[in-house]
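**Student:**
Numbering (our numbering), first residue to last: 658 to 752.
(1) Beta-carbon separation of residue 681 and residue 737 under 9 Å?
(2) In the DSSP assignment, the alpha helix (DSSP H) including residue 673 goes from what residue to what residue?
(3) Using C-beta distances below 6 Å, list every residue in its chain close to residue 664, excluding the 5 sequence neighbours before and after it, in chain order.
(4) The alpha helix (DSSP H) that contains residue 708, what's its start and end?
(5) Taking 9 Å as the threshold (C-beta atoms), are residue 722 and residue 692 in contact?
(6) With a 10 Å radius around its C-beta and 16 neighbouring C-beta atoms as the bar for buried, classify residue 679 as buried or exposed.
(7) Along the chain, where does the alpha helix (DSSP H) that runs through residue 724 open and close?
(8) Could you tell me which of 704, 740, 668 sits nearest to residue 724, measuring between CA atoms?
(9) Quick one: what does DSSP say residue 664 is sitting in, helix, strand or coil?
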């Protein structure tokens with residue numbers, strides 16, 4: 658099997674793979690943080706009376722988690738997807 662001049666060596670491919678995974682993990686983490694901040698803002702600003710309802714509840718933790726976790730996952734997925742779509746591609750080796 659012949660190797661083209663723009664193919665990566667196994668070491669370079671492994672390094673590139675870990676860099677890309679780190680890039681995606683960073684974006685997913687930032688998206689999740691934004692989602693948690695949105696959930697916090699919804700409760701804090703009492704949108705739709707949600708903060709008041711939670712403060713009067715005998716068990717406010719579970720409904721808060723049930724709202725915050727899906728928001729964090731949705732924002733993490735959206736930010737990661739946009740990062741993948743706008744990911745700059747450049748050849749690792751010059752021809």
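All residues carry an ideal CB built from backbone N, CA and C; glycine is no exception.
All of these numbers come straight from a predicted model, not from anything done at the bench.
**Tutor:** In short, the structure shows the following:
(1) Here the question's residue 681 lines up with position 24 in the chain shown. Here the question's residue 737 lines up with position 80 in the chain shown. A contact, by the Cβ cut-off of 9 Å.
(2) Mapped onto the chain shown, residue 673 falls at position 16. Residues 667–701.
(3) Along the chain shown, read from residue 1 onward, the residue named residue 664 stands at position 7. None.
(4) As a working mapping, residue 708 is identified with position 51 in the chain shown. Run containing residue 708: 707–713, per the alpha helix (DSSP H) assignment.
(5) On the chain shown, position 35 is the one that residue 692 refers to. On the chain shown, position 65 is the one that residue 722 refers to. No; because the gap between Cβ atoms is not below 9 Å, this pair is not in contact.
(6) Within the chain shown, the letter at position 22 stands for residue 679. Exposed: under 16 other Cβ atoms inside 10 Å.
(7) Position 67 of the chain shown, counting from 1, holds the residue named residue 724. 718–742 is the span of the alpha helix (DSSP H), which, as asked, contains residue 724.
(8) Your numbering for residue 724 matches position 67 in the chain shown. With distances taken between Cα atoms, residue 724 lies closest to 704.
(9) The count along the chain shown starts at 1 and reaches residue 664 at position 7. Coil.
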